[in-house]
Amino acid sequence: MKPKLVLIGNGMAGAKLLEELMATCPDKYAITVFGNEPYGNYNRIMLSPLLSGEKTLKEIMTLDRPWYKEHGITLHVGADKAITGLDRVNKCVTTENGLKADYDRLIIATGSKPFILPIEGKQLNGVMSFRDISDVEKMLSAAKQYKKAVVIGAGLLGLEAAMGLCGRGMDVTVVHSNVVPLNRQLDIEAGELLQHELQARGLNFKMNAQTQHIEGDDNGHVSRIHFKDGSSLQTDIVIMAIGIRPNMQLAQDAGIHCEKGIVVSDTLQTYDPTIYALGECIQHRGGTFGLVAPLYDQARVLTNHLSEHGVAQYQTLPSATKLKVTGINLFSVGNINGDDQCEFLYYRDKQQGIYKKLILKNNYLVGAVLYGETQEGAFYNELLDNKTDLTPIRPYLMFGRALCNEKSADEKSADDKSAKEKSAAAQPLEVSVEK
Amino acid sequence: MNEIITTSSNSTLRTQHTTCAYCGVGCGVEATINDDTRTATVKGLTSHPSNYGRLCSKGSALAHTTGLNERLLQPEINGETVSWDSALDHISAGFKNVIAQHGPDAVAFYASGQLLSEDYYVANKLMKGFIGSGNMDTNSRLCMSSSVVGHKRAFGTDTVPGCYEDFENAELIILVGSNTAWCHPVLFQRIKLHKENNPNVKVIVIDPRVTATCDISDLHLKVNLGTDVWLFNGLLSYLAEHQHLDHEYINNYCQGFDEALNMAQQSCGDTAKNADAVGISEDDLTSFYSWFANTKKVVTLYSQGVNQSSSGTDKVNSIINAHLATGRIGRVGCGPFSMTGQPNAMGGRDVGGLANTLAAHMDFTTDNIERVSRFWQTDNLPTNMAQKPGLMAVDLFDAIDEGKIKAVWIMATNPVVSMPNADKVKKALEKCELVVVSDCIANTDTVALATVKLPAIGWSEKDGTVTNSERRISRQRALFPPAGNAKADWWMICQVAKRMGYGSAFNFNEPADIFREHAALSGFENEPSGRRRDFDISYLKNISSQQYQDLNPIQWPVTVQNPEGLARFFEKGQFYTPNQRANFLALTPKLPKHLPNKEYPLALNSGRIRDQWHTMSRTALAPQLNQHISEPFVQMHMDDARARNLSDQQLVQVRSRWGLMLGRLNITEDVKSGDIFAPMHWTSQLSKAGRINSAVNPVVDEHSKQPESKHTPVQVSSYQAKWHGFVFSRHAFKWPNCDYVVEVKGVQHTRYELAHTQSIKDPITQMLNWLDIPNEAAAKAQRLEILSFQDAGTGVYRLALLNQQGQLQAAAFITPNAQLPERTWLGMQFAKDNLEKRARLALLSGYAPAGEDIGPIVCACFSVGQKTIEKAINEQGLTSAAEVGACLKAGTNCGSCIPELKQLIVSCNS
């Protein structure tokens, strides 16, 4: 009989793990999956286009229910299938409605929860977050009913929610504690370009604002939001998009070691060797996750172990970010502000809305911000991941992969050809331009 | 000659036959003229016997130099526009005043091989006949005068014995001191074709440098600079030793042979020693000697490499000696052949435009002075005709510097650039109280120093005759009427002559009038019974104006005996010496006057490049001519570069005792170790420090007074620039204050190459300032879009300005080293009405967009473009998003683009 593998969480990390397992060792385990959203699997990243109406629910579904069946995977989904009990001694889990499942290997992929500001009025009707399909449904129904929306948080999710609602006809104000939107991903110059672009598309911003409390009407519905500087805005709904927290309640209750998230090793094992965890619920070497690329890497590493190849180790790499708003191209990776030892390369074409900054340290790329033109994002990501010495291509670096490749090839052939001429050319001139 | 073509587009086109403005080959040009647009196109004239339809790069671009932007179009006195009357009054009063106070030798004319014979004739007549001074010299002094004196010493007159056809009949062609391929390209093409058709024909190139001319050489003698007399003395000695002399010719038609041979044997008889002196292998030297000795039909072409030397005249005679000694002169396929540099160098000599000749191949002998006086009817003048030779170029400008000459008229030439020790010439003119310059170009280094500027008509408006290197007189005909207020040089000179009181002798109404008088003088008292003069075109003295208009190219002499002209002289002797015998010259080889020493260890050689002419005032107007070589450069042997720690393409400073220049280093094996080469063309109008003649020593040949422009001791050192850069601009701007500036005209833009020793504080603002824009806000106010790139760590800053239509207006790049992108692609962007997206993105890289156009990005995570995906779907038959992902990674990260991938698969398959 096959060993039993139980997966808690049918989100993007969990689904990716299933796909990897099916590709690697489809017959190794008897698999049971629990998810508390009533779907197969959908692409959570695509909630923004779903909200804006650019995509339909059908289009964002990735693994439908038949897929699970075809692969012999037992799927239990829905609110009542949420796992409420984990008995590590008997190696079994229990759902809210009492369904039990034994496991030989347990995978926790419970994801994250939106962070809700601990302020007065957070429980009022019309205060919502942007995490799953039901949130989208709530927002869409609000957009039909109401006029004004405030989104707290100008991060990726906040801006996508705001643009979505804006596109649905609402008058949206984004409230943010920093001077520019997306300040974790963009420097001030790029942030300003983004803000101008979004303003041009009808979004309002209230920057440098700290939320004090939310005021409700007699029916317990949101009516106004108040800020620490004494100002306030009338609004019908409030979306909190100020970040996520790993969803580790189940593991914590079961006595698995957790800090900011469920602590895992480089092989994604928790402190209980039969239990693995991946995705936004984990903490790896002190870090937590919120982007898709590391989740997929984790799924691959974990598959490697579950299939008993057992050689892969998970390593956190800088992840690039993009904003899912149609027509807005931005790309950010690595250390975007640099430090004293960093050198900065800038390209600006303001009228075309293009700004690019590359951050180098000792001729290695440590970060990149691209706004308006992001074709070379993947190139910079690679240079960063591969720790490529940029000395030979630095003059061409800003202008992308194809030119760098061309020039490297040219120089190589020139080097081969003119080895003897080179010997005649002495040291380069010692020159400098004042910085 | 002047036919009308009607085009479909209503504008009427005419064709006109004329002659090229540039080198001494003298190619016929057929121009098709659009009078409505004042434009023309040109092609080689197939019926012209100099080129038979060929044109070189410069000639082909003639039509691109006829625009009016750079033209001088109004007379000016001290910078103020004046009427012609005022200007002419001012000049005649000024000249008269100086002559009255200081005598006729206190004035001078300095003319040029760009003048037509008619212009030359009246200038020479006015100065030598009526003002009464010999101070009429010409820039031919700088290129031809050693040949003139060499001819005179050997033949008794300045005669080129052969013609171009001789090259096509020769079995051995020796090219001495001539980069024929670049300097006389059409003649080179004829030689090349002849050699291709006749594989036995051999070509020997004698040049200290490897040049493009060596492409067709069977033997290249990379001789030491200035050693030609060793080479040809040795040849004479070899010919005698190996019994290859033509004793009959020597005995019947020559004199002085024994002395010449003696000297040759003494100085250069030992072949081994001689090879050493010349700097080539004994084998190569012997090959040259034996090929010469054993080939019947030999032509030796020589040019500035021979002439521009302190022993230039001796070099010429050493070549002529060898031809006389073998009787290889005046016969088909034989002869020494002096190749002239300018379109009318020969015409100027024929007229008498050199200070040491009087007129029409007559020197300053008493009988000649009397004869010319009779012809010009100067007997009644209060002043005498000139009685003695005048000052020759270098001496002439020295006399201006010393204040002995107080008024000078410079015609169609740019001595501030072309003279040796050119900075001294500049200083001399700055001091001179009356400097008249007649030129077609408004801004030349010399025009800038003029107190009176006279707008001359340019090549496309000129009407008259020129004489090429083979004595062929051809018509230059106007394509357009004179622009603005420009006038012919002959008209200006006659007007001044009239105002000076010589009206009756200068009463010419048209060039044909002058030509007829010129022709008449050539035949005046030139009787076959007496001592004849070779230059005689008296058969043409009565031609009608229409006949003059229709005159076909013809080689002088044109006489009753030779009404169709004459191809060759001297087959049967009949030289123009008193006893009609040619003179052998006994020649002692001499090294250049100033030799390299510890302080100035390298020898500077100078010369032309392929696509520029003289001081570039016209050729640099044609963008296509600036592409071949766009900056002044210095060729240096790699050993010398290594010894000085210099690297290729860096800027170097060339310094002599006399001056300095900056140029870009070209490390090569084409020059000998110990020599460097720099082009002669760049002026202060086009470069801040690129005038090589600033550094060239003012040494002259004692006989011809021709400068030794091919040899000056110099030192070369690295120019320690803090930054290098370039600016492209659609609109001309004032040069930045940098040590190194070179201006290069391109298509719809001008480029400025820059370098300086002081660093720049705020480079982006500085670059805007260069373009006359105070700051970014001002650019915005002018509705200019700014693109910028900066890498402060490596000191790289780049900027571009576009207008609102996306059309490129300017681009500026600076960097601490000389590592800048190629300029070609950037330059080409100025021809576009607007930059397409990819070009705009690539603009500040300086390179054309690299790689394929991938189209709009579909997969943002892996930057995969639509076109890439479509190509993969089509070429590899992909049918699912997963397959696309496996192939291109697209959609394998966040998966957001999977719906688009699916759509692309559908659309590709439908």
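Just so you know, the protein sequences line up as chains A and B, in that order.
Just so you know, we're using my numbering here: the first sequence kicks off at 1 and counts up by one.
Just so you know, we're using my numbering here: the second sequence kicks off at 436 and counts up by one.
Each residue gets a CB set at the ideal place from its N, CA and C atoms; glycine is no exception.
Asked                                                                                                                                   : Found
C-beta neighbour in chain A for Tyr1187/B, strict 8 Å                                                                                   : no
Backbone CA spacing between Cys92/A and Arg44/A [nearest angstrom]                                                                      : 28 Å
Reduced DSSP category for Trp1093/B - H, G, I as helix; E, B as strand; rest coil                                                       : coil
Under 8 Å between C-beta atoms of Thr500/B and Thr1054/B                                                                                : yes
Test item: CB-CB of Gly488/B and Gly494/B under 8 Å                                                                                     : no
Neighbouring residues, chain A, relative to Tyr1175/B (Cβ below 7 Å)                                                                    : Residues of chain A passing the Cβ test: none, with the nearest at roughly 13 Å.
Whole-angstrom distance between Leu1203/B and Glu1220/B, CA atom to CA atom                                                             : 12 Å
Rounded straight-line distance, which links the Cα of Tyr146/A to that of Gly155/A                                                      : 24 Å
Between the CA atoms of Ala1253/B and Lys1196/B - distance to the nearest angstrom                                                      : 19 Å
Cross-chain neighbours of Gly1286/B in chain A, by beta carbon under 9 Å                                                                : Gly400, Arg401, Ala402, Leu403, Asn405 and Glu406
Under 7 Å (Cβ pairs) to chain A, residues found in the stretch 1030 to 1048 of chain B                                                  : none
3 or more residues per run - each beta strand (DSSP E) lying fully within the stretch 39 to 70 of chain A                               : 61 to 63
Alpha-carbon spacing of Gly279/A relative to Lys260/A, whole angstroms                                                                  : 13 Å
Cross-chain neighbours of Ala277/A in chain B, by beta carbon under 7 Å                                                                 : Correct list: empty, because the minimum Cβ distance to chain B is about 21 Å.
Validate contact between the stretch 1128 to 1138 of chain B and the stretch 726 to 736 of chain B using beta carbons, cut 8 Å, 3 pairs : no
Residues from the stretch 1189 to 1210 of chain B in contact with chain A, defined by Cβ distance under 8 Å                             : Ser1194, Ile1195, Lys1196 and Pro1198
Extent of the continuous beta strand (DSSP E) run through Met128/A                                                                      : Val127 to Ser129
Residue-chain proximity (Thr1259/B, chain A), Cβ-Cβ < 8 Å                                                                               : no
Leu628/B burial status per 10 Å Cβ neighbour count (16 or more: buried)                                                                 : exposed
Uninterrupted alpha helix (DSSP H) stretches inside the stretch 328 to 402 of chain A (no shorter than 4 residues)                      : 377 to 385 and 394 to 397
The stretch 288 to 309 of chain A: positions lying closer than 9 Å to chain B by Cβ                                                     : Leu291, Val292, Ala293 and Tyr296
Contact under 8 Å by Cβ, Pro778/B with Val636/B                                                                                         : no
The stretch 560 to 574 of chain B touching the stretch 536 to 552 of chain B, judged by at least three CB pairs closer than 8 Å         : yes
Length at least 3, wholly inside the stretch 1110 to 1159 of chain B: the beta strand (DSSP E) runs in chain order                      : 1110 to 1114 and 1147 to 1153
Cross-chain neighbours of Gly1098/B in chain A, by beta carbon under 9 Å                                                                : Neighbours of Gly1098/B on chain A: none; closest Cβ ~15 Å, over 9 Å.
Ala794/B - containing beta strand (DSSP E), residue span                                                                                : Thr792 to Ala794
Integer-rounded CB distance, given that Asp1110/B should sit under 8 Å from Leu1037/B                                                   : 7 Å
Beta-carbon proximity of Glu1066/B to Glu1178/B, cut-off 8 Å                                                                            : no
Same chain, Cβ closer than 6 Å to Phe34/A, five either side skipped, listed in chain order                                              : Ile8, His76, Lys81 and Ile83
Chain E contacts from the stretch 32 to 61 of chain A (Cβ-Cβ distance under 7 Å)                                                        : In the structure shown, chain E cannot be found, because the protein chains are A and B.
Completely contained alpha helix (DSSP H) runs for the stretch 77 to 119 of chain A, where each covers 4 or more residues               : none
Best match in Phe941/B, Thr994/B, Ala885/B and Gln981/B for proximity to Phe959/B [C-alpha to C-alpha]                                  : Thr994/B
Within 8 Å, strictly: CB atoms of Gln1047/B and His1146/B                                                                               : no
Val1361/B - partner residues in DSSP beta bridges                                                                                       : Residue 1361/B lies beyond the stretch modelled for chain B, which goes from 436 to 1345, so this question has no answer here.
Members of the stretch 630 to 658 of chain B near chain A, C-beta cut-off 7 Å                                                           : none
Short Cβ contact (8 Å threshold) for Leu5/A with Ile31/A                                                                                : yes
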